[in-house]
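Read the structure below first, then the notes.
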Amino acid sequence: MNQQYYNAVVAMEKADVDPEYIQGWQCGYLLNPMREEQRLTEAYEAGYEAGKEKDVEAYKSYNA
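Terminal number for the sequence shown in my numbering: 85, no gaps in between.
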């Protein structure tokens, strides 16, 4: 298990971050393809970009 990934997700959940952001971050971190266009949200896209960069602190400055 990747401890950085796990710790980041737990921290986001405890901080009550938008679930869309968390899902986007997880997909970006794991380099999964982005959702289809009609299901994209601002939170998901912000999380996806942060996840691609492996940024475990970006959620602190994201407030939807």
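For each residue, glycine too, the CB sits at the ideal point set by N, CA and C.
Take the Cβ of residue i as the centre, count every other Cβ of all protein chains shown within 10 Å, and call the residue buried at 16 or more, exposed below.
{"i": "Tyr80", "result": "buried"}
{"i": "Asp39", "result": "buried"}
{"i": "Glu57", "result": "exposed"}
{"i": "Glu74", "result": "exposed"}
{"i": "Glu34", "result": "exposed"}
Between residue i and residue j, which are expected to be in contact by the criterion C-beta below 8 Å, what is the C-beta distance as a whole number of angstroms?
{"i": "Ala36", "j": "Val77", "result": "With a Cβ gap of about 12 Å, Ala36 and Val77 do not count as contacting."}
{"i": "Gly45", "j": "Tyr83", "result": "The pair is not a contact, with the Cβ atoms about 10 Å apart (cut-off 8 Å)."}
Along the chain, where does the alpha helix (DSSP H) that runs through residue i open and close?
{"i": "Met55", "result": "Segment: none, Met55 is in no alpha helix (DSSP H) and carries neither H nor E."}
{"i": "Asn28", "result": "24–35"}
{"i": "Ala79", "result": "Looking at the DSSP string, Ala79 is not in any alpha helix (DSSP H), and its letter there is neither H nor E."}
{"i": "Tyr83", "result": "Note, Tyr83: premise wrong, no alpha helix (DSSP H); not H, not E."}
Check whether the Cβ atoms of residue i and residue j sit closer than 8 Å, and answer yes or no.
{"i": "Tyr50", "j": "Tyr26", "result": "yes"}
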